[in-house]
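Heads up, the sequence shown is in the numbering used here, so the first residue is 1297 and it goes up one at a time.
Structure first, then comments.
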Amino acid sequence: VEYCTLVERQRATVCFIVPPIVLGLAMSPEVEKHDFSSVRFFFSGAAPLAPDPARRMMQRIGKPIIQGYGLTETSPVTHANPFDAPVLESIGPVVPGTEDKIVDLETGTKTLPNGEVGEICVRGPQVMKGYWKKPQDTADVIRDGWFHTGDVGRRDDKGYVFIVDRKKEFIKYKGFGVGPAEVEAVLCEHPAVADAGVIGKPNDEAGEIPKAFVQLRPNTQATAEELIAFVKERIADYKRVREIEFIDKVPRTASGKILRRELAERERANDGARGERSS
1297 VEYCTLVERQ
1307 RATVCFIVPP
1317 IVLGLAMSPE
1327 VEKHDFSSVR
1337 FFFSGAAPLA
1347 PDPARRMMQR
1357 IGKPIIQGYG
1367 LTETSPVTHA
1377 NPFDAPVLES
1387 IGPVVPGTED
1397 KIVDLETGTK
1407 TLPNGEVGEI
1417 CVRGPQVMKG
1427 YWKKPQDTAD
1437 VIRDGWFHTG
1447 DVGRRDDKGY
1457 VFIVDRKKEF
1467 IKYKGFGVGP
1477 AEVEAVLCEH
1487 PAVADAGVIG
1497 KPNDEAGEIP
1507 KAFVQLRPNT
1517 QATAEELIAF
1527 VKERIADYKR
1537 VREIEFIDKV
1547 PRTASGKILR
1557 RELAERERAN
1567 DGARGERSS
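Structure representation (structure tokens):
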């Protein structure tokens, strides 16, 4: 409510937002009570933007959402969608004066062709020289002049980059890499799902299995079996979610990043409780 009021009162023209704001604007009944006619576009960053709530928000407000990307170490922008040709699911091509490449996840030395998934690397005048008094940390991320972002993605033939997930958050299922954000985006396409967070749950046979924590929309219902089947129809078999737990709210930072550590702690507590009941 306060955000809508401020945009209307200040006659904002460009609004910088994070995914939780997008979700709120997509769902809140307050949106129709406020005037967004001054806004030219919304610029989203800081965390992956799920396409489904973004589309719902744009339909309600009638203004485009532009995605961009960057890090503190890159001062901060490296990629942004052009205003005249935005692609909702993409962070866009590199900004002027910046270069990017996608490298393999195993060695980080092999440059991959367009369409293949790997780690996103950038170089340009906005990239930091290094971490203060931390030469080893600097050497870990800056190699041969390229900054290794730790984010996994792919680039299309037009130069648009699509984020898949954080390298360290990849779920290792039977040797395959599963990006949680991709599974979350599919879950959020279900009409009953308000939000979702996916983690890797330890499994003796597979190493890890994708488990989803799901927040349902008010006054809706869905079963775990229904959602598992929904995802299975829309994603590669090795990526499909194997378990679902319903929770009141998916934990996120103020900027919209999912607090997977809290979900992992919740899962460990669940395992501990199951162990106590069986002993």
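Just so you know, even glycine gets a beta-carbon here, dropped at the ideal spot from N, CA and C.
Note that the coordinates shown come from a computational prediction; the quantities given were computed from them, not determined experimentally.
Checklist entry - Below 8 Å between beta carbons: does that hold for I1554 and V1510? => result Start at 1 with the first residue of the sequence shown, and residue 1554 comes out as number 258. Start at 1 with the first residue of the sequence shown, and residue 1510 comes out as number 214. The answer is no: Cβ separation not under 8 Å.
Next on the checklist: Taking the alpha helix (DSSP H) that K1397 belongs to, which residues open and close that run?
Outcome noted: Taking the first residue of the sequence shown as 1, we reach residue 1397 at position 101. Note, K1397: premise wrong, no alpha helix (DSSP H); beta strand (DSSP E) at E1395 to V1399.
Checklist entry - CB-CB under 7 Å to S1386, same chain, minus the five flanking residues each way: which ones, in chain order? => result Sequence index remark: in the sequence shown, residue 1386 carries index 90 (1-based). Here the set comprises Q1363, N1377, Y1456, V1457 and F1458.
Checklist entry - Contact check, D1433 vs I1416 under 8 Å by CB: the rounded distance? => result Here residue 1433 refers to the residue found at position 137 when the sequence shown is read from its first residue. Here residue 1416 refers to the residue found at position 120 when the sequence shown is read from its first residue. With 8 Å as the limit, D1433 and I1416 do not qualify as a contact, their Cβ atoms being about 19 Å apart.
Next on the checklist: Three or more C-beta pairs under 8 Å: does that hold for the stretch 1551-1567 against the stretch 1491-1498?
Outcome noted: yes
Checklist entry - Apart from the five residues just before and just after F1542, which ones in its own chain have a Cβ nearer than 6 Å to its Cβ? => result If you number the sequence shown from 1, residue 1542 lands on position 246. Within the same chain, F1542 has close Cβ partners V1510.
Checklist entry - Thinking C-beta only, is D1461 closer than 8 Å to E1478? => result Counting from one through the sequence shown, the residue named residue 1478 turns up at place 182. Counting from one through the sequence shown, the residue named residue 1461 turns up at place 165. Yes, these two residues count as a Cβ contact at 8 Å.
Next on the checklist: For P1316 and G1552, what's the separation of their Cα atoms in angstroms?
Outcome noted: Residue numbering aside, residue 1316 sits at position 20 when the sequence shown is read from its first letter. Residue numbering aside, residue 1552 sits at position 256 when the sequence shown is read from its first letter. Rounded to the nearest angstrom, the two C-alpha atoms are 5 Å apart.
Checklist entry - How many whole angstroms separate the CB atoms of D1472 and V1448, which I take to be in contact at a CB cut-off of 8 Å? => result Taking the sequence shown and counting its residues from 1, the one referred to as residue 1472 is at position 176. Taking the sequence shown and counting its residues from 1, the one referred to as residue 1448 is at position 152. With the sequence shown as reference, residue 1472 is identified as Phe, and Asp is not the correct amino acid for it. That pair is no contact at about 13 Å.
Item to check | Same chain, Cβ closer than 7 Å to K1464, neighbours up to 5 away in sequence not counted | outcome: One-based indexing of the sequence shown puts residue 1464 at position 168. The residues are G1446.
Item to check | Where the alpha helix (DSSP H) containing A1383 begins and where it ends | outcome: In the sequence shown, the residue the question calls residue 1383 occupies position 87. Rather than Ala, the amino acid found at residue 1383 in this sequence is Val. Careful: V1383 lies outside any alpha helix (DSSP H) and carries neither H nor E.
Checklist entry - At a cut-off of 7 Å, is G1552 close to the ligand NAD when judged by its beta-carbon and the heavy atoms of the ligand? => result As far as ligands go, the structure on display features none, and thus does not contain the ligand NAD.
Checklist entry - What separation, rounded to the nearest whole angstrom, lies between the Cα atoms of R1451 and I1438? => result Residue mapping note: residue 1451 aligns to position 155 of the sequence shown, counting from 1. Residue mapping note: residue 1438 aligns to position 142 of the sequence shown, counting from 1. About 21 Å.
Next on the checklist: I need the straight-line Cα distance from L1512 to K1430, nearest angstrom please.
Outcome noted: If you number the sequence shown from 1, residue 1512 lands on position 216. If you number the sequence shown from 1, residue 1430 lands on position 134. Cα to Cα, L1512 sits roughly 44 Å from K1430.
Next on the checklist: Taking its Cβ as the centre, do 16 or more other Cβ atoms sit within 10 Å of F1526, making it buried, or is it exposed?
Outcome noted: Locating residue 1526 in the sequence shown gives position 230, counting from the first residue. Buried, because 16 or more other Cβ atoms sit within 10 Å of the Cβ of F1526.
Checklist entry - Exposed or buried, S1340, counting other C-beta atoms within 10 Å across all chains shown (16 or more means buried)? => result Within the sequence shown, residue 1340 is the residue found at index 44, counting from 1. Result: buried.
Checklist entry - In terms of DSSP beta bridges, what is L1512 paired with? => result The residue given as residue 1512 occupies position 216 in the sequence shown. In DSSP, L1512 forms a bridge with V1489.
Next on the checklist: Quick check: what's the CA-CA separation for K1535 versus K1507?
Outcome noted: Translated into positions along the sequence shown, residue 1535 becomes position 239. Translated into positions along the sequence shown, residue 1507 becomes position 211. Distance between the alpha carbons of K1535 and K1507: 10 Å.
Item to check | Ranges of the alpha helix (DSSP H) found wholly within the stretch 1385-1440, counting only runs of at least 4 | outcome: 1431-1437
Item to check | Beta-ladder partner(s) of R1462, from DSSP | outcome: Numbered from 1 along the sequence shown, position 166 holds the residue referred to as residue 1462. Paired residues: D1447.
Next on the checklist: If you reduce the DSSP assignment to three classes, tell me which class S1574 lands in.
Outcome noted: Position 278 of the sequence shown, counted from the start, is the residue given in the question as residue 1574. Note that S1574 scores a pLDDT of 49, beneath 50, so its modelled location is shaky; the value from the coordinates is reported in the next line. Note: S1574 maps to helix in three-state DSSP.
Item to check | Y1534 in three-state terms, based on DSSP | outcome: Residue numbering aside, residue 1534 sits at position 238 when the sequence shown is read from its first letter. Of the three classes helix, strand and coil, the one that applies to Y1534 here is helix, per DSSP.
Next on the checklist: So for F1332, helix, strand or coil by DSSP?
Outcome noted: Indexing the sequence shown from 1 puts residue 1332 at position 36. DSSP, reduced to helix, strand and coil, places F1332 outside both helices and strands of the structure shown, so it counts as coil.
Next on the checklist: The alpha helix (DSSP H) that contains I1317, what's its start and end?
Outcome noted: Start at 1 with the first residue of the sequence shown, and residue 1317 comes out as number 21. I1317 -> alpha helix (DSSP H) spans P1315 to M1323.
Checklist entry - Taking the C-alpha atoms as reference points, what is the distance between V1423 and T1370? => result Residue 1423 sits at position 127 when you count from the first residue of the sequence shown. Residue 1370 sits at position 74 when you count from the first residue of the sequence shown. Distance between the alpha carbons of V1423 and T1370: 4 Å.
Checklist entry - With 16 as the cutoff for other CB atoms within 10 Å, does E1480 come out buried or exposed? => result Position 184 of the sequence shown, counted from the start, is the residue given in the question as residue 1480. It is buried - the Cβ of E1480 has at least 16 other Cβ atoms within 10 Å.
Next on the checklist: Measuring straight from C-alpha to C-alpha, what distance separates E1298 and L1408?
Outcome noted: As a position in the sequence shown, residue 1298 is number 2, starting the count at 1. As a position in the sequence shown, residue 1408 is number 112, starting the count at 1. About 45 Å.
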